[in-house]
Amino acid sequence: MSRAGCRAPGFTLAELVMVVALIAVLSAIALPVAKFTVKRHKEAELRLALRQIRTAIDEYKRLSDQGLIPVELDTEGYPKELEKLVEGVELVGQVKKVRKFLRRIPIDPMTGEAEWGLRSLQDDFDSTSWGRQNVYDVYSLSDKTALDGTKYKDW
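Quick note, in our numbering, the sequence shown goes up one by one and the last residue is 201.
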């Protein structure tokens, strides 16, 4: 019997090294793509949360302008605080009818908290301190930078 016929089946060391190197290269490519995808998903969640809150604020203002919600002094028809959108308000002229605008305050995906930066109508458009007269706008409290180069707090 020849020596070539007695060779045991298996892989050589060179083949194993090549496979491990190939897997390492593919992993090095996939890891940044996965991080990019996770960040992009969080940004989409942030946009959705901001849209939900801002739509609720606008709906509250619309109903107060129509006279269906009693306007508190110095609020200009906007909610006094963000929690008012979850608690709801009684509509004028309707017996025990409470209108809620949000089921809950969304969580900021960038900070992981249900805390948002607030602006009053009387505040400057880029103010980072809340005047406490009303809730006119919300923004993320995260100082991180988005994929497009802007700060999340500027969205």
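C-beta: ideal position from N, C-alpha, C; glycine also.
- DSSP places R165 inside the beta strand (DSSP E), whose first and last residues are 163 to 165.
- Annotation for Y106: no beta strand (DSSP E) segment contains it, though the alpha helix (DSSP H) segment containing it runs 59 to 111.
- According to DSSP, K146 shares a beta bridge with no other residue.
- Residue environment: D183 is assigned as buried (16 or more neighbouring CB atoms within 10 Å of its CB, all protein chains considered).
- In the structure shown, the three-state DSSP call for E127 is coil.
- DSSP places Y182 in the coil class of the three-state scheme, outside both helix and strand.
- Contact annotation, K143 with L137: C-beta distance approximately 5 Å; criterion of less than 8 Å satisfied.
- Only residues of its own chain outside the window of five on either side were considered, and among them P152, I153, D154, P155 have a CB closer than 8 Å to the CB of A95, listed in chain order.
- Contact check for S186 against L92 passes: the beta carbons are separated by less than 9 Å.
- The Cβ atoms of L119 and P125 do not sit closer than 9 Å to each other.
- The distance from the Cβ of K199 to that of G163 is about 6 Å, consistent with a contact at the 8 Å cut-off.
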